[in-house]
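Single-structure report; data block below.
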Amino acid sequence: MELPPIEETAIERATDFPYRDVADEINNFVYPPTHAVDGQGSISIESRLPLAAAMPQSRPYAVYVSIPFCRVRCHSCHCFKGLLPNASTRDDIMERYVSALIAQANAYGQAHRFRSAVCDAIYIGGGTASVLTEDQASRLISALRRAFPHNTDMEVNFEGNPADFTRPYLENLKACDVTRLSIGYQSQQQPVLDALNSPHDATQSRKAVVEALSLGFPTVNVDLLYNVPGQDFAQWSRDLADLVALGPQGIGAGDYVVFPGSASEKLIARGRLQTPHDLQTTFQWYGATRNYLGEHGYAEQVRGIFARPGHAQRYVDLCCPQNGDIVGLGAGAISFIDRYQFQNPVDALPFIALSEADRPFEAQCISRRASDRDLMRRFVMHNFFAFRLNRQAFSARFGIDPLDAFGDVFDRLRTYELVDIDEFEIRLTEIGRKWRRNIYHEFRMPEETSRAAAEWTTPSLAARGNRLSSANGG
Ligand code: SF4
Numbered sequence: 069m070e071l072p073p074i075e076e077t078a079i080e081r082a083t084d085f086p087y088r089d090v091a092d093e094i095n096n097f098v099y100p101p102t103h104a105v106d107g108q109g110s111i112s113i114e115s116r117l118p119l120a121a122a123m124p125q126s127r128p129y130a131v132y133v134s135i136p137f138c139r140v141r142c143h144s145c146h147c148f149k150g151l152l153p154n155a156s157t158r159d160d161i162m163e164r165y166v167s168a169l170i171a172q173a174n175a176y177g178q179a180h181r182f183r184s185a186v187c188d189a190i191y192i193g194g195g196t197a198s199v200l201t202e203d204q205a206s207r208l209i210s211a212l213r214r215a216f217p218h219n220t221d222m223e224v225n226f227e228g229n230p231a232d233f234t235r236p237y238l239e240n241l242k243a244c245d246v247t248r249l250s251i252g253y254q255s256q257q258q259p260v261l262d263a264l265n266s267p268h269d270a271t272q273s274r275k276a277v278v279e280a281l282s283l284g285f286p287t288v289n290v291d292l293l294y295n296v297p298g299q300d301f302a303q304w305s306r307d308l309a310d311l312v313a314l315g316p317q318g319i320g321a322g323d324y325v326v327f328p329g330s331a332s333e334k335l336i337a338r339g340r341l342q343t344p345h346d347l348q349t350t351f352q353w354y355g356a357t358r359n360y361l362g363e364h365g366y367a368e369q370v371r372g373i374f375a376r377p378g379h380a381q382r383y384v385d386l387c388c389p390q391n392g393d394i395v396g397l398g399a400g401a402i403s404f405i406d407r408y409q410f411q412n413p414v415d416a417l418p419f420i421a422l423s424e425a426d427r428p429f430e431a432q433c434i435s436r437r438a439s440d441r442d443l444m445r446r447f448v449m450h451n452f453f454a455f456r457l458n459r460q461a462f463s464a465r466f467g468i469d470p471l472d473a474f475g476d477v478f479d480r481l482r483t484y485e486l487v488d489i490d491e492f493e494i495r496l497t498e499i500g501r502k503w504r505r506n507i508y509h510e511f512r513m514p515e516e517t518s519r520a521a522a523e524w525t526t527p528s529l530a531a532r533g534n535r536l537s538s539a540n541g542g
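Count the sequence shown with our numbering and you get residues 69 to 542, in order.
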């Protein structure tokens with residue numbers, strides 16, 4: 069694998085290039101942000117959501133299921149939700165948690181909105197979904213299938229840690245018709261795993277992939293991390309080449325981010341972890357990764373998520389280009405339904421307590437109701453996760469061409485060579501791909517950008533919600 073020669077262009081180096089200094093670590097997936105419009109605490113959402121009305125145009129939707137426990141906390145993970153309860157209470161809490169999930173699934177599944185369309189993808193992640201026992205995983209998957217109308221080929225994703233993916237555990241998932249197994253492989257190099265504080269070791273990473281492939285899951289996806297503190301390009305190249313040789317149908321390649329307040333930030337400050345590379349170098353590694361995976365038959369679906377033909381992730385497609393409803397089940401899960409984004413209680417015990425009190429429709433925080441313009445902004449941002457916006461799809465949804473809706477913004481992006489525009493679509497250029505997080509700010513309201521930045525830098529609610537993919541354990 070070779071590093072492509074990427075140098076900053078003159079336009080990026082110009083002093084008036086407006087995208088360089090924008091704070092970029094905002095969870096743009098969560099838009100509108102889930103600020104508590106009614107203050108913190110339990111917010112009944114049932115009266116706000118049009119649950120009794122049919123889904124517009126019978127659009128398919130996705131279901132995200134949060135298993136909010138991990139065996140350890142990796143050093144810079146924004147998906148961590150909580151540690152597994154200790155042994156004396158674990159069985160009781162896990163059983164009650166699974167029952168609470170099933171009860172919430174049934175409550176949403178009975179709503180006319182979700183009976184008038186089909187669920188096309190379920191994503192069971194976390195935290196770490198594989199902390200469920202085999203029996204709990206089976207019961208949960210069966211209950212989800214019963215709760216939501218779906219076609220026979222609905223995608224069922226199950227994400228977990230290589231240490232949990234023993235042969236019997238994988239056989240059970242296969243018997244449950246999991247269609248896409250996602251393995252939080254991270255790396256096969258022990259020093260890299262140590263730098264991450266990973267819950268598994270290098271032998272387990274490889275073994276889980278080999279076992280999963282031998283069982284014939286329709287899609288096996290393997291998530292890796294690059295730009296980990298101390299990792300060099302030779303290690304990254306070896307990881308990628310070893311994995312491609314094994315031949316999973318999907319590969320997630322995520323760049324390591326040092327999140328504010330994380331253990332890795334503190335360890336770097338104390339000189340116990342190296343600082344990851346800068347944006348330019350990271351983008352170079354990303355470019356090399358994209359080229360290498362492209363040469364080996366993997367197409368990039370959204371940034372960092374690659375798949376062989378016929379193995380693109382439907383959950384991502386529903387969330388991003390299609391911008392459909394997402395029903396978030398479980399502690400910390402974020403839903404987007406109609407015009408509201410809202411989040412369930414972040415911790416497991418309050419979530420269980422609400423369920424046991426028969427209150428499945430209570431959120432911890434909720435966005436304001438999205439305006440038509442907010443929905444357009446969200447649509448553009450989520451399509452730019454996949455680097456392109458189909459003009460016809462935008463017009464069909466909103467009755468206006470995106471160039472008419474956001475003419476001055478697209479003019480500016482074109483001036484700085486960040487987008488190419490033709491009659492069919494608006495595409496991020498190579499430069500646009502590099503600055504894409506900063507470009508999203510063009511589509512957020514200014515006051516939302518500063519509030520969301522503050523939210524991201526506190527022990528955030530939104531940051532602990534759903535994700536598109538993690539290279540990590542769960
Ligand atoms: S990377 Fe996975 S296992 Fe590690 S803390 Fe994050 S969600 Fe948990």
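We treat Cβ as the ideally placed atom computed from N, Cα and C, and that holds for glycine.
Asked, Found
"Does DSSP put Arg248 in a helix, a strand or coil?", "strand"
"In this structure, does DSSP put Ser282 in helix, strand or coil?", "helix"
"From the DSSP output, in three-state form, read off Leu486 for me.", "coil"
"Apart from the five residues on each side of it in sequence, which residues of its chain come closer than 8 Å, Cβ to Cβ, to Ala556?", "Residue 556 cannot be examined here, being either before or after the span of the chain that is shown, 69 to 542."
"Is it true that the CB of Arg495 sits closer than 8 Å to the CB of Leu443?", "no"
"In terms of residues, what are the limits of the beta strand (DSSP E) holding Thr357?", "First-last for Thr357: 347 to 363, but that is the alpha helix (DSSP H), not the beta strand (DSSP E)."
"Looking only at its own chain, which residues have a Cβ that is under 6 Å from the Cβ of Leu481, when we skip the five neighbours before and after it?", "Val487"
"Would you say the beta carbon of Phe492 comes nearer than 7 Å to a heavy atom of the ligand SF4?", "no"
"Kindly examine the ligand SF4 and report whether one of its heavy atoms sits closer than 7 Å to the Cβ of Gly320.", "no"
"So, using beta-carbon positions, are Asp391 and Arg446 closer together than 8 Å?", "For clarity, residue 391 is Asn in the given sequence; the question names Asp instead. Yes, Cβ-Cβ distance for Asn391 and Arg446 is below 8 Å."
"Tell me where the alpha helix (DSSP H) around Ser167 begins and ends.", "155 to 177"
"Look at the alpha carbon of Gly398 and the alpha carbon of Glu227, and state the distance between them as a whole number of angstroms.", "15 Å"
"Is Asn229 close to the ligand ATP? I mean its beta-carbon at under 7 Å from any heavy atom of the ligand.", "Although the ligand ATP was asked about, the structure shown includes only the ligand SF4 as ligands."
"Does DSSP put Tyr383 in a helix, in a strand, or in coil?", "helix"
"Distance check for Leu169 and Val133, CA to CA, integer angstroms please.", "8 Å"
"For Gly365, verify whether its CB is less than 7 Å away from any heavy atom of the ligand SF4.", "no"
"Mind checking Tyr484: buried by the 16 CB within 10 Å criterion, or exposed?", "buried"
"With a cut-off of 8 Å on the beta carbons, I'd call Trp353 and Phe301 a contact; round off their distance for me.", "7 Å"
"I'd like the list of long-range same chain contacts for Pro527, defined as Cβ closer than 6 Å, with 5 residues on each side in sequence excluded.", "The predicted position of Pro527 is uncertain, since its pLDDT is 35 and thus under 50; a value taken from the coordinates is nonetheless stated next. None."
"So, is Lys502 buried or exposed, given that buried needs 16 or more other C-beta atoms within 10 angstroms?", "buried"
"May I ask you to check if the CB of Pro297 is nearer than 7 Å to at least one heavy atom of the ligand SF4?", "no"
"Run through DSSP, which three-state label would Gly195 get?", "coil"
"On the CB-based measure, 16 or more other CB atoms within 10 Å of its CB, does Thr343 come out buried or exposed?", "exposed"
"Can you check whether the CB of Val224 is closer than 8 Å to the CB of Ile135?", "no"
"Three or more C-beta pairs closer than 8 Å, one from the stretch 265 to 279 and one from the stretch 409 to 424: is that the case here?", "no"
"If we ignore side chains and look at the alpha-carbon of each, how far apart do Phe462 and Val477 end up?", "16 Å"
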